[in-house]
Amino acid sequence: MNTTPILGADIGGSHITTSLVSIEEGLPIQGSGNRIDLNSRGTADEILGTWSDAISSSLHSLRHKDIAVGIAMPGPFDYPNGICLIRDQDKFRSLYKLELKQELATRLSIDPALIHFMNDACAFLEGEVLGGAVRGQDNIMGITLGTGLGSAFRAGGDVVDADLWCAPYRDGIAEDYLSTRWFVARYAELTGKKISGVKELTTVRGEDDTVATVFREFGENLGGFIAGQYGEHGYNNIVIGGNIAKAAGFFVTHIDNYLARVAAGAKYCLSSLGENAALTGAAGMASRQTAGLEKQG
Numbered sequence: 098m099n100t101t102p103i104l105g106a107d108i109g110g111s112h113i114t115t116s117l118v119s120i121e122e123g124l125p126i127q128g129s130g131n132r133i134d135l136n137s138r139g140t141a142d143e144i145l146g147t148w149s150d151a152i153s154s155s156l157h158s159l160r161h162k163d164i165a166v167g168i169a170m171p172g173p174f175d176y177p178n179g180i181c182l183i184r185d186q187d188k189f190r191s192l193y194k195l196e197l198k199q200e201l202a203t204r205l206s207i208d209p210a211l212i213h214f215m216n217d218a219c220a221f222l223e224g225e226v227l228g229g230a231v232r233g234q235d236n237i238m239g240i241t242l243g244t245g246l247g248s249a250f251r252a253g254g255d256v257v258d259a260d261l262w263c264a265p266y267r268d269g270i271a272e273d274y275l276s277t278r279w280f281v282a283r284y285a286e287l288t289g290k291k292i293s294g295v296k297e298l299t300t301v302r303g304e305d306d307t308v309a310t311v312f313r314e315f316g317e318n319l320g321g322f323i324a325g326q327y328g329e330h331g332y333n334n335i336v337i338g339g340n341i342a343k344a345a346g347f348f349v350t351h352i353d354n355y356l357a358r359v360a361a362g363a364k365y366c367l368s369s370l371g372e373n374a375a376l377t378g379a380a381g382m383a384s385r386q387t388a389g390l391e392k393q394g
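Position one of the sequence shown corresponds to residue 98 (our numbering), numbered consecutively onward.
Listed below in structure tokens is the structure:
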């Protein structure tokens with residue numbers, strides 16, 4: 098097991114979070130964490146400047162020319178080569194087709210071979226396996242719930258992007274029922290009122306009985322999705338994370354009730370690493386890939 102700290106980074110549409118990670122413990126190293134807001138609509142120079150500033154801040158005084166860097170990044174993306182393929186989303190358009198490994202390596206003065214990109218849903222599951230709620234487990238699935246639906250599975254030690262956001266589900270696709278936009282649309286449908294997201298719903302629950310209905314329905318939506326995945330693949334466990342999972346206390350009972358009726362053998366749990374899961378997983382992946390390159394050398 099590699100005892101040298103690895104730098105993990107998790108890049109979202111509005112921020113970058115970085116930390117040194119102890120691969121041996123499977124956890125971020127206290128005091129090395131850093132979170133910086135970023136403008137994903139900015140120029141490539143602005144975005145890359147923010148990324149390199151965040152990474153450099155977490156590296157502190159380490160001799161970082163020999164430190165591997167693992168980065169969790171949303172797609173579409175050419176992960177092995179570090180090339181951004183995002184162009185139809187309202188973020189990171191200025192990075193389209195750029196060779197980000199080389200760009201970052203130049204700014205950080207490190208070897209490009211030490212920089213590794215990973216799908217963010219895969220990184221989430223990898224992190225929970227490395228040091229989180231499903232530590233050491235196999236034949237499992239990870240789900241991230243937020244503005245979109247992320248999914249990955251682990252079988253035979255390999256973590257793979259499940260890409261289930263567009264999977265047929267009920268009267269549409271899975272993401273229609275398991276994302277922030279479902280909450281916004283359903284609450285508006287029932288009340289005629291507009292909300293910004295799930296966090297706002299949790300603050301008005303005591304004032305509005307409709308909120309309980311919305312969370313109950315979401316729990317049943319998620320329970321149905323879990324039951325379907327369990328029935329098709331027989332996963333040993335399904336770990337749930339993402340920003341919506343922060344409100345899990347409002348809907349887990351409804352997941353449990355649904356599964357008790359239709360898929361009593363299905364097992365799920367909530368992320369224990371939270372927002373640190375993806376950067377931890379990205380660091381773990383970087384550690385393995387760097388070790389593989391060293392063996393080849």
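We treat Cβ as the ideally placed atom computed from N, Cα and C, and that holds for glycine.
Legend entry - Ranges of the beta strand (DSSP E) found wholly within the region 187-232, counting only runs of at least 3: 212-216
Inset, instruction - Any chance you could list the alpha helix (DSSP H) runs of at least 4 consecutive residues sitting entirely within the region 245-325, in chain order? - result: 271-274, 277-288, 295-300
Legend entry - Residue from 165, 336, 341 with nearest C-alpha to residue 363: 336
Legend entry - residue 102, buried or exposed, once every other Cβ within 10 Å from all chains shown has been counted against 16: buried
Legend entry - contact_flag[the region 276-291, the region 308-317] where n(CB pairs < 8 Å) is 3 or more: yes
Inset, instruction - Would you please state the rounded distance, in angstroms, between the beta carbons of residue 378 and residue 220? I believe it to be under 8 Å. - result: 4 Å
Legend entry - Beta carbon of residue 341 nearer than 8 Å to that of residue 242: yes
Inset, instruction - Would you mind sorting residue 64 into buried or exposed? The rule is 16 or more other CB atoms within 10 Å of its CB. - result: The displayed coordinates of the chain run from 98 to 394. Any statement about residue 64 would go beyond what the structure contains.
Legend entry - Same chain, Cβ closer than 7 Å to residue 374, five either side skipped, listed in chain order: 221, 224, 225, 229, 338, 368
Inset, instruction - Inspect the CB distances between the region 112-128 and the region 178-196 and report whether three or more fall short of 8 Å. - result: no
Inset, instruction - List the DSSP bridge partners of residue 124. - result: 119
Inset, instruction - Indicate whether the contact test is met: 3 or more Cβ pairs, each with one atom in the region 255-274 and one in the region 318-331, closer than 8 Å. - result: yes
Legend entry - Residue closest to residue 247, alpha-carbon to alpha-carbon, out of 274, 227, 329: 274
Inset, instruction - Give me the Cα-Cα distance between residue 218 and residue 239, rounded to the nearest whole angstrom. - result: 7 Å
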